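Read top to bottom, the protein sequences are chains A and B. Oh and the first sequence: position 89 is 89 in the numbering used here, straight run, nothing missing. Oh and the second sequence: position 53 is 53 in the numbering used here, straight run, nothing missing. Ideal Cβ positions, reconstructed from N, Cα and C, are used throughout, including at glycine. Keep in mind the model is a prediction, meaning the values are calculated, not measured. In what follows, a single structure is set out as structure tokens and then discussed.
2 protein chains.
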Amino acid sequence: MLKRRVEEVHPTPVDMPGVQGVAMRLLVGRKDGAPTFAMRHYTVSPGGHTPRHQHNYEHEVMIMGGTARVEYDGAFHDCAAGDVLLIEPNKMHQFVNAGPQDLTFLCFVPVTFDCGKPTPGS
Amino acid sequence: MLKRRVEEVHPTPVDMPGVQGVAMRLLVGRKDGAPTFAMRHYTVSPGGHTPRHQHNYEHEVMIMGGTARVEYDGAFHDCAAGDVLLIEPNKMHQFVNAGPQDLTFLCFVPVTFDCGKPTPGS
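Structural data, given as structure tokens:
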């Protein structure tokens, strides 16, 4: 059985246009044989943010720690640990760390999109 | 945007053969428009356990609190908060609360299996 702890997985800095201070741990992904979806853990440093972007697949998110200001489809939402979000396909979205602590969250994606292309970061 | 807190979702007792002391919160599911996978939150009371069963779709699990003894494909694994598990399709598995506190975990499933049947609890 695949069994690992979050802190055992090496965090990879996310190097994309529009990203600041974000690291990703791929907890369960395609290389592990995940059949349908991937589990990723993100850490956003104070002052950091994910890219403001959209794509034609969804995210399901569980905020694990810290606070976020989330832009979604033209509106802003204050989020904290214990909040669950569904980012629907083709909706513009961005996660901004809104506090002095690390923002951490789980973010799930399907492992493929567009009829079989591997999803980035899965 | 779908945004909800875990504690706002009503827990439903899981009524299946072989289950004891388990409640499920469907955090993001088919009725919410989840395209590919569903997010569920489980609480297993002290002395409780999920069914010992198998099925032809996977689970991805994040242990959130408490401790579990997980049976998987003939072996037993001690698990605690922060552990991530991939339960592969067609592997016999069971989650037993191994401690005096509630065991809580997130468990994700694909929303369909067998070429389009709705996955139970999704």
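Q) Taking the DSSP output, what are the residues bridged to THR50(A)? A) Answer is none; THR50(A) lacks a bridge partner.
Q | Coil, strand or helix - ASP102(A) by DSSP | A | coil
Q.
Does VAL6(B) come out as helix, strand or coil in the three-state DSSP assignment?
A. Helix at VAL6(B).
(Q) Looking only at its chain, what residues have a beta carbon closer than 6 Å to the beta carbon of LEU26(B), apart from the 5 residues adjacent to it on each side? (A) ARG40
Q) So does VAL28(A) have its beta carbon nearer than 6 Å to some heavy atom of the ligand HEM? A) Judged by which ligands are present, the structure shown has none, so any question about the ligand HEM falls away.
Q: For GLY29(B), I'd like the list of residues in its chain whose CB is within less than 7 Å of its CB, leaving aside the five on either flank, ordered along the chain.
A: ALA38 and SER122
**Q.** Given CYS107(B) as reference, the closest of PRO17(B), TYR42(B) and ASP32(B) once Cα atoms are compared
**A.** TYR42(B)
Q. Do the CB positions of ASN97(B) and PRO46(B) come within less than 7 Å of each other?
A. yes
Q) Using the beta-carbon of each residue, which ones in chain A are nearer than 8 Å to THR36(B)? A) THR36, PHE37, TYR57, GLU58 and PRO110
Q: Compute the distance between the beta-carbons of GLY48(B) and GLY21(B), then report whether it is under 7 Å.
A: Contact flag set, yes.
Q) Leaving out five residues before and five after PRO89(A) in sequence, what residues of the same chain have Cβ atoms less than 6 Å from its Cβ? A) ASN56, TYR57 and GLU58
Q: Grab me the residues of GLN101(B)'s own chain with a C-beta within less than 6 Å of its C-beta, minus the 5 sequence neighbours each way, in chain order.
A: GLY66
Q) With which residues is PRO89(A) paired in a DSSP beta bridge? A) Note: PRO89(A) sits in no beta bridge, so no partner.
Q: Please report the residue range of the beta strand (DSSP E) in which VAL70(B) lies.
A: 67 to 72
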